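Here the structure is laid out as C-alpha cells; the discussion comes afterwards.
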Amino acid sequence: MAEAQPRSPGFLARQLATRPMATNSATSGLISVIAELLRHWLTADAGALPEVANVRRQFLIGSMVVAPLATNWHALVERLFRKWEAGRLLTVLAKTAAEQMFFAPVINVAFMTSQGLLEGRTPEEVRDEVREKFVEVMKGNFAFWVPTGLIQYKFVPPRLRVIFANLMSVLWTIYLISKTSKAAAFSPTEIPAIKVTDATPRAP
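Residues 1 to 204, numbered by UniProt numbering, are exactly what the sequence shown covers, in order.
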C-alpha cells in the first residue's frame, strides 16, 4: 500500500517562506484597502464613491509602512525570545508586553505621520496632531491589541502574524467607527492597521 505523500504547502505559505517582506507588503496593502472601503461605506453618504486618493494612500501606508515595520518586529521578537518556551503563558505575556511597550508606539506614530504627510499636511501640523492624539490612540490600542496579542503569540505561527494582525485591524477600524462622537472626532483611518495593532490601524 503506497504511503501517503505529504501535502505541499499552499501558495501563500510558500511565498511567506521565501519572500516574507514582499508577501506581507502585498497582503497588508490589500487589507488596508479593504479596511478603507469598509470605513467609507459605513460613514459616507449613500451612493458616494470612495475617493481614489484615500484608497491609494491606505495601500501605500499598509504596504510600505505597516508591513515592513511589522515584519521586522515579528522577526525580532522571535529572536529575542528564542530560548523561551513558545507556548508558555509567561512567554506569551512577555511578548505581548514587549509589543505594547516598544512596537505599538512606533507603528502608531509612523502611521499617523505617514497619513498626515500623504494628506498634504506640513511636518509641524503632523507633529501637533500626533501630540494631540497619541494618548487617545494608545489607550484604544491597548484595549484592542493586548487581547489580540495574547491570541496571536499563543496560537498564530510567526510567519502568519503580520497577516493575522492586518485582518484584525479591519475589525479595529470598524470598532473605531462605532465609537461615540468623542472618538469620532478623528478619522478611523488615522489609526493603524496592524499590531498591532491597529486598518488601517496595529497592531502586528
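Where is the CB? At the ideal position from N, CA and C, for every residue including glycine. The model shown is predicted, which means the values in this text are computed figures rather than measured ones.
- Per DSSP, GLY87 lies in no alpha helix (DSSP H) and is assigned neither H nor E.
- Around the CB of THR71, 16 or more other CB atoms lie within 10 Å, so the residue is classed as buried.
- Residue state for GLU51 is assigned as coil, using DSSP reduced to three classes.
- In this structure, DSSP gives GLU119 a state outside helix and strand, which the three-state scheme calls coil.
- The shortest CA-to-CA distance from ALA143 to any of LEU42, LEU167 and ALA104 is the one to ALA104.
- Taking a 10 Å sphere around the C-beta of ARG131, we find fewer than 16 other C-beta atoms and assign the residue as exposed.
- Only residues of its own chain outside the window of five on either side were considered, and among them none has a CB closer than 7 Å to the CB of ARG56.
- With three or more CB-CB distances shorter than 8 Å, the segment 107-122 counts as touching the segment 133-140.
- About 11 Å separates the CB atoms of ILE61 and SER169; that is not less than 8 Å, and the two are not in contact.
- Under the DSSP assignment, GLN15 falls in the alpha helix (DSSP H) whose first and last residues are 11-18.
- Scanning its chain for C-beta atoms nearer than 7 Å, with the 5 sequence neighbours on each side dropped, one finds no residue around ARG127.
- PRO68 is positioned such that its CB atom lies no closer than 8 Å to that of ARG159.
- Fully contained in the segment 107-174 are the following alpha helix (DSSP H) runs of length 4 or more, in chain order: 123-155.
- A straight line joining the alpha-carbon of GLU51 with that of VAL106 spans about 28 Å.
- Contact between the segment 141-156 and the segment 117-125 is not established, with fewer than three Cβ pairs separated by less than 8 Å.
- Pairing VAL156 with SER28 gives a Cβ-Cβ distance that is not under 8 Å.
- Taking GLN100 as reference, the option from TRP73, GLY47 and GLU129 with the minimal CA-CA separation is TRP73.
- In chain order, VAL170 place their CB closer than 8 Å to the CB of ILE34, counting only its own chain and leaving out the 5 sequence neighbours on each side.
- Counting only the Cα atoms, GLY140 lies some 32 Å from LYS83.
- For VAL77, the enclosing alpha helix (DSSP H) starts and ends at 67-80.
- CA-CA distance, GLU78 to PHE102, rounds to 14 Å.
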